[in-house]
Structures are given as structure tokens and as C-alpha cells.
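Enquirer:
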Amino acid sequence: MAHYRRAGDVPPKRHTQHRDGDRLYFEELMGEEGFSSDSSLLYHREIPSAIVDARPWDVPDLSTTPNHPLKPRHLKLHELFPKETWDGTDAVTGRRLILGNADVRLSYVVSAADSPLYRNALGDEIVYVESGSATVETIFGTLRAEQGDYVILPTSTTHRWLPTGDEPLRAYVIEATGHIAPPKRYLSRYGQFLENAPYCERDLHGPDDPLQSDGTDVEVLVKHRVSGGITGTRMTYAKHPFDVVGWDGCLYPYTFSVHDFEPITGRVHQPPPVHQVFEGRNFVVCNFVPRKVDYHPLSIPVPYYHSNVDSDEVMFYCGGDYEARKGSGIGQGSVSVHPGGVAHGPQPGAYERSIGAEFFDELAVMVDTFHPLGLGEGGLACEDPAYAWSWARRGPNG
8 MAHYRRAGDV PPKRHTQHRD GDRLYFEELM GEEGFSSDSS LLYHREIPSA
58 IVDARPWDVP DLSTTPNHPL KPRHLKLHEL FPKETWDGTD AVTGRRLILG
108 NADVRLSYVV SAADSPLYRN ALGDEIVYVE SGSATVETIF GTLRAEQGDY
158 VILPTSTTHR WLPTGDEPLR AYVIEATGHI APPKRYLSRY GQFLENAPYC
208 ERDLHGPDDP LQSDGTDVEV LVKHRVSGGI TGTRMTYAKH PFDVVGWDGC
258 LYPYTFSVHD FEPITGRVHQ PPPVHQVFEG RNFVVCNFVP RKVDYHPLSI
308 PVPYYHSNVD SDEVMFYCGG DYEARKGSGI GQGSVSVHPG GVAHGPQPGA
358 YERSIGAEFF DELAVMVDTF HPLGLGEGGL ACEDPAYAWS WARRGPNG
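Take any residue in the sequence shown, note its place counting from 1, add 7, and you have its number in our numbering.
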């Protein structure tokens, strides 16, 4: 994210002494792609690499089952977390895997408990807040997350989730194996948002001030790679990692509200790339927001039927009234999975009903992947088995 920010106390020149009287601060470079991409410099009161213990952490179940036999699927995420589980669930260890492949994993969680300190060393995370609110404490400072916010957390950002308010935090989690950024076509060759982009730097909100906490023997859960898969380590630091007095650079966590996305519309139906908000390695993230729809006198505002030749399409329905899905059973908190190789589109009757519509009041987050997705244990636990046959209005046995 090549947008420079500075917070707290940093020296005039990088890689030079930075002191508070006789006390020398410790500089840490946090950078991507081996010193060849975006980075930030953080100045710590204590040595940031001082660990005193490392023990295994059993990460939540990340195994997947192939989508076989191949069919569209409907997953009801709100069934995964009964109310009696909320107080004992946190936004890190309580995640349940819905779908995943080697590039991206999609999870869901409903939590009212504070999370432990956590760092994902596999890749960047995007956490979409379906409802509720939270304070996200990070090594860079504090973020406020509310309904409709995407929280973007760069790889290896130590952080924790603290739900706030009277209702639990409902979060849809996109974990990459790699980095996530705005689409390149929205940016100038120097990294500034272009005039035709549906959002810009003013819509991105990073930490304002560093966060400093005291403590010794502080545990951080680290998700990381090993040969043959993903595992976790409980790493104990001699001093609290939230000891940064200042930082600057172009790599940091930030929030972006879906309500600040300016939809791109046209006289006839626009293809899904106009809704794109982020991209990762072998996947993209789009959002569908309330908007004026097609205004050609003969337009059909709902999507045309289409085949995903090269991708799996995953739609998380998180607000409004999704016209194209009426009659399918899909509602708030649903996820539809339309895999490559299968044509899909509006439910019966929606195509005709949409003619003459001027506005769609809908909110959804879409992830398109270019490698097949498998079903996680959470996805298998909340599937609606009738969805695949909803266009034909009868099941496999007639």
C-alpha cells in the first residue's frame, strides 16, 4: 500500500541513532518481498526479537474437502455460532474455515471475547465486519472497526481483536497466502489512486498514534508455514511487542468502509470487475453496494447467466435485499459458491422481475479464485443441500 504515513516519534534520518536521553531505541524494518517492495520502519523501546519460549499452537481445523460431485452450494453462516457460544469465542482462535485453497482461506466467526495477541506469517488478512464493532490493537497503533469496515492487516502484523458495544462481532475473514492490495488498474505508476478509481486515499484510515503496553513474558500466537502445510507456534516475548514509540512508511494496517466505495454503473449491466476492491495472488475481492442500476430503456438489471470458466465465485450476502437470489433460500449471512464449470445466474423469475428497476439495495462481498476451492469444516457444517437444484425447482430424484 504505497501511501506514506508517519506516527509518533521517528528520527530525521532512517537507520541512524534514535534516543530518549541515554536510551537507544531499536529500529525494525518490516518489509515485503525481500527489501524490494513496500515497508515501514518501527522504533521499539525493547529488542523486538527477544523471545524466551516457543511451543506448538494447534490452529483451528484448516483441512478441506473437494467440491465433488461438482455443484453450486449455499452455506448458512449464521448457523455456525449459537448465541450461547459467543462469550467464549474470540475473533482469532474461534474462526471456522468455510472454503479454502493454496492461495486463500475464507472463515467466519461470531465473537464477544477478546482475542489473544496474534500474527499471521503466511500472508495478509482482510477481515470484513458484518456487524458489531471492535478495537483492533496492533503493533502500529489502534484501529476502530465498525459494521461495513474492511480491516486490512499486512503479513506478520502483531495484533488482537477487542469486541466493543452490546452485540457480538460478526466477521468474515479472508486470509491470503501472499499480499493483498488495491487493483493495479486503479493506481498510477507511482501508486496514487487514479481519478477513475471507486475509492481513494482519503477513504483509508490507518493508526494515528503508536500503542505502548508494558508486560513481560507475553504470548503471541503465530500462524506460519512448515513443509507440507500450515501450523502454529505460541511464541513468548521477553517484553510486550506493543512498545513502538514511532513508525513511518508505506506498510501498515488500515480500515476501509464498504460505504465509501463509489459504484460504477452504466446503461447496460456492468461485469463484476467494476465492483473490484482488492486483489491478491490468484484471487480478487469485489463488493456489491447499493446503487443505481442499468438505465438503457431495454436493460435487464440483474446479472446475465454466466459460466465461470476459470474461477470459483463466492458471494457473502451481508445486507440489503439481493434481487437476483429471491426464491433460492439465500439471505443475510449466506454464502453462495458457484464453481468453475457450472453456469449460474438469477433465480427463476428474477430475470423478468428486474426489468424497470432503477435501484438495488444490496450489500455483498465476493471473492473470485482462479484455483478450485475446497469446503472447510465450517462450510460442511452449514450447507443447504437443496440449493443446487433451486433453478430447476426439483431435486436429483425428481
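Beta carbons are placed, not taken as given, at the ideal position from N, Cα and C, and that holds for glycine. Computed from a predicted model, the values in this text were never measured in an experiment.
1. Between which two residues does the alpha helix (DSSP H) holding Arg126 run?
2. Taking C-alpha atoms, which residue in Phe42, Asp29, Pro189 and Cys325 lies nearest to Gly287?
3. Using DSSP's beta-bridge definition, name the partner residues of His303.
4. Drop a sphere of 10 angstroms on the beta-carbon of Thr223, count the other beta-carbons inside from all chains shown, and report buried for 16 or more, exposed for fewer.
5. Measuring CB to CB, does Ala183 end up less than 8 Å from Val111?
6. Whole beta strand (DSSP E) runs in the stretch 270-346 with 3 or more residues, listed along the chain?
7. Can you tell me whether Val316 is buried or exposed, with buried defined as 16 or more other CB within 10 angstroms of its CB?
8. Buried or exposed: Tyr115, going by 16 or more other Cβ atoms within 10 Å of its Cβ?
9. Start and end of the alpha helix (DSSP H) containing Arg360?
10. With the cut-off set at 8 Å, would you say Gly107 and Thr72 are in Cβ contact?
11. Taking contact to mean at least 3 C-beta pairs separated by less than 8 Å, is the stretch 165-173 in contact with the stretch 38-55?
12. Would you tell me roughly how many angstroms separate the C-alpha atoms of Pro67 and Leu258, rounded to the nearest one?
13. What are the start and end residues of each continuous beta strand (DSSP E) run of 3 or more residues lying completely inside the stretch 84-144, in chain order?
14. Below 8 Å on the Cβ atoms is my guess for Phe367 versus Arg298; work out the distance and round it to an integer in Å.
15. Taking buried to mean at least 16 other C-beta atoms within 10 Å of its own C-beta, is Leu36 buried or exposed?
16. In angstroms with no decimal places, state the Cα-to-Cα distance between Gly256 and Val136.
17. Please work out which residues of its chain come closer than 8 Å, Cβ to Cβ, to Pro403, disregarding the five sequence neighbours upstream and downstream, and give them in chain order.
18. Let me know if Tyr11 comes out buried or exposed under the rule of 16 or more other beta-carbons within 10 Å of its beta-carbon.
19. So, is Lys191 buried or exposed, given that buried needs 16 or more other C-beta atoms within 10 angstroms?
20. Can the beta-carbon of Leu228 be found closer than 8 Å to that of Val99?
21. What does a CB cutoff of less than 7 Å around Ala204 pick up in its chain, not counting 5 residues either side in sequence?
22. Going by C-alpha to C-alpha distance, which of Ile362, Cys389, Trp254 and Glu330 sits closest to Pro19?
23. What is the DSSP secondary structure of Lys191, counted as helix, strand or coil?
Expert: Here's the rundown:
1. Bounds of any alpha helix (DSSP H) do not take in Arg126; it lies within the beta strand (DSSP E) bounded by Leu124 to Asn127.
2. When each option's Cα is compared against that of Gly287, the closest is Pro189.
3. Note: His303 sits in no beta bridge, so no partner.
4. A residue is called buried once 16 or more other Cβ atoms fall within 10 Å of its Cβ, and Thr223, having fewer, is exposed.
5. Yes, they are a contact pair.
6. The beta strand (DSSP E) runs lying completely inside the stretch 270-346 and spanning 3 residues or more are 283-287, 290-295, 319-327 and 341-345, given in chain order.
7. It counts as exposed.
8. Buried.
9. Arg360 -> alpha helix (DSSP H) spans Ala357 to Arg360.
10. Taking 8 Å as the Cβ cut-off, Gly107 and Thr72 do not qualify as a contacting pair.
11. No: fewer than three Cβ pairs fall under 8 Å.
12. Answer to the nearest angstrom: the Cα atoms are 28 Å apart.
13. Counting whole runs of 3 or more residues, the stretch 84-144 contains the beta strand (DSSP E) stretches 103-107, 111-118, 124-127 and 132-138.
14. Right, the Cβ-Cβ distance comes to about 6 Å (below 8 Å), so this counts as a contact.
15. If you draw a 10 Å sphere on the C-beta of Leu36, you find fewer than 16 other C-beta atoms in it, and that means exposed.
16. Taking the Cα positions, Gly256 is about 26 Å away from Val136.
17. The residues Trp396, in chain order, have a CB closer than 8 Å to that of Pro403 in the same chain once the five nearest residues on each side in sequence are set aside.
18. Its Cβ having fewer than 16 others within 10 Å, Tyr11 is exposed.
19. Result: exposed.
20. For the pair Leu228 and Val99, the CB atoms are nearer than the 8 Å cut-off.
21. In chain order, Tyr193 place their CB closer than 7 Å to the CB of Ala204, counting only its own chain and leaving out the 5 sequence neighbours on each side.
22. Ranking the options by Cα distance to Pro19, first place goes to Trp254.
23. Note: Lys191 maps to helix in three-state DSSP.
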